[in-house]
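This report concerns only the one structure given below.
The structure is reproduced here in structure tokens:
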């Protein structure tokens, strides 16, 4: 804990900006029911109300409060992206470490399966599978996790292969240590830094991928609040924006709210990842 606090104290301004923003978004997602002024799917006013109390960001095409849906969108979009990334890492890192440690036929079969999956464009494959299986949350998480686990597999396998050539691993094998002991005590601690950094990058890709699918209508389905779907729903308002008055100017700003939230979270996570990679490299400022 003391070492962690020391590293946080030495973190650059960019990393602190990312940490603060990600923390605020995480707290918003966790306490969404307490922070949102209105329920997620309830019609609470007329269509396209201007930005004024009690609807500080107006209402959408159905009369739902946009601010409330933005807050619940943080819980839905970010929460599902985090769960999907965790599942992708569980699959990819597990098989990657096993392939590097076992080698032989297991490594060959697993690597060829990963090559086949990576050869198919991810968006096209996801669109095809989700069209066939339906756009349930379970199917969305499973499809994206399987697709993204291929990248994690490649990284974890490559990192583990480098670690397994080290002398201390050979010593552990000569002592008679088992496979899972070597992975748990020798490989994982030394592979933690690049894997943590990759987790942040994968989260960004998954987050953007889910938002893109929602924008196309195959992500989180209505009436669930989702930032990607909110961009699609409000995009047509740009045509009606008139910046001569504040009331009509807000039409043009409506799509920028969820789009800006997506961009803000993506940039913030990348700022943290850059710092983690800098720590992992061992370089000094």
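In our numbering, the protein residues as written are 129 to 413.
Yeah, the Cβ is synthetic: ideal placement off N, Cα and C, and Gly gets one too.
Per DSSP, the unbroken alpha helix (DSSP H) holding residue 243 starts and ends at 232-247. Residues 153, 156, 157 of the same chain have their beta carbon placed closer than 6 Å to that of residue 202, with the five preceding and five following residues left out of the count. The beta-bridge partner set that DSSP reports for residue 180 consists of 183. Going by DSSP, residue 349 is part of no alpha helix (DSSP H) at all; its letter is neither H nor E. Per the coordinates, the alpha-carbon of residue 145 lies some 33 Å from the alpha-carbon of residue 176.
Under the three-state reduction of DSSP output, residue 279 falls in the helix class. Nearest C-alpha to residue 220 among 248, 338, 259, 270: 270.
In the displayed model, residue 138 falls within coil according to three-state DSSP, outside both helix and strand. Here the stretch 166-184 does not lie against the stretch 221-234, with fewer than 3 beta-carbon pairs under 8 Å apart. Measuring C-alpha to C-alpha distances from residue 365 to each of 356, 331, 383 identifies 383 as the nearest.
In the DSSP assignment, residue 159 falls outside any alpha helix (DSSP H) and carries neither an H nor an E. Taking a C-beta distance under 9 Å as the contact criterion, residue 185 and residue 171 do not qualify as a contact pair. One alpha carbon belongs to residue 316, the other to residue 168, and they sit about 41 Å apart. 224 is the residue among 259, 298, 224, 335 whose C-alpha sits nearest the C-alpha of residue 288.
Taken atom to atom, the span from the alpha-carbon of residue 273 to that of residue 159 is near 26 Å. The C-alpha of residue 353 is placed about 42 Å away from the C-alpha of residue 235.
Residue 331 counts as buried, since no fewer than 16 other beta carbons sit within 10 angstroms of its beta carbon. Distance from the CA atom of residue 183 to the CA atom of residue 165, rounded to whole angstroms, is 9 Å. Taking a 10 Å sphere around the C-beta of residue 266, we find fewer than 16 other C-beta atoms and assign the residue as exposed. Partner residues in the beta bridge of residue 171, as assigned by DSSP, are 192. Counting only the Cα atoms, residue 199 lies some 32 Å from residue 278.
With the rule of 3 Cβ pairs closer than 8 Å, the stretch 243-256 counts as touching the stretch 340-353. Around the beta carbon of residue 403, 16 or more other beta carbons lie within 10 angstroms, which makes this residue buried.
When secondary structure is reduced to three states using DSSP, residue 322 falls in the helix class.
Minimum Cα-Cα distance from residue 336 among the listed residues 401, 237, 192, 390 corresponds to 390. Distances from the alpha-carbon of residue 361 to those of 197, 149, 139 put 197 closest. By the beta-carbon neighbour count (other beta carbons within 10 angstroms, threshold 16), residue 312 is exposed.
Around the beta carbon of residue 276, a 10 Å sphere encloses 16 or more other beta carbons of the protein chains shown; the residue is thus reported as buried.
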